[in-house]
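Beneath this line is the structure, given in structure tokens, with notes to follow.
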Amino acid sequence: MKFLKQFLWILLISFLGEVLRALIPLPIPASVYGLVLMLAALITGVLKVEQVRGAAEFLIEIMPVMFIPAAVGLMTAWDALRPVCVPVLVITAATTVIVMAVTGRVTQAIIRREKK
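The opening position of the sequence shown corresponds to residue 113 in the working numbering, with each subsequent residue numbered one higher.
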């Protein structure tokens, strides 16, 4: 019953993200709205981490499985992807390095701030 309540909280916030996407005419995915709503709820204390921790950990654990259908879909669309494969790989590699560098810098800054 505990996990059901936790999933319901996550689903409710995801639904509210869908509602916001429908109401606000911006090209922002509903999942981003949902993540911002979840962050706001957790920061303000409206929702406690304990109220979603178990379900969130479960979803994170099964996340790799969720990429299998997308990978199969890409394999079936190989003919359409072949002409843009090299640019996509270059962009993916470059942005991966940039994200890793920025994440490392931010983490170092937070650690330095906490030591002071």
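Think of the CB as a built atom: it goes at the ideal place given N, C-alpha and C, for glycine as much as any other residue.
Query - G129 burial status per 10 Å Cβ neighbour count (16 or more: buried) - result: buried
Query raised in the report: In three-state DSSP terms, what is P137?
Result: coil
Query - L104 - containing alpha helix (DSSP H), residue span - result: There is no way to answer for residue 104, as the model of the chain reaches only from 113 to 228.
Query raised in the report: Skipping 5 residues on each side, what residues in its chain have a beta carbon closer than 6 Å to that of I223?
Result: none
Report task. Return helix, strand or coil for K160, following the three-state DSSP convention. Result -> Coil, per DSSP.
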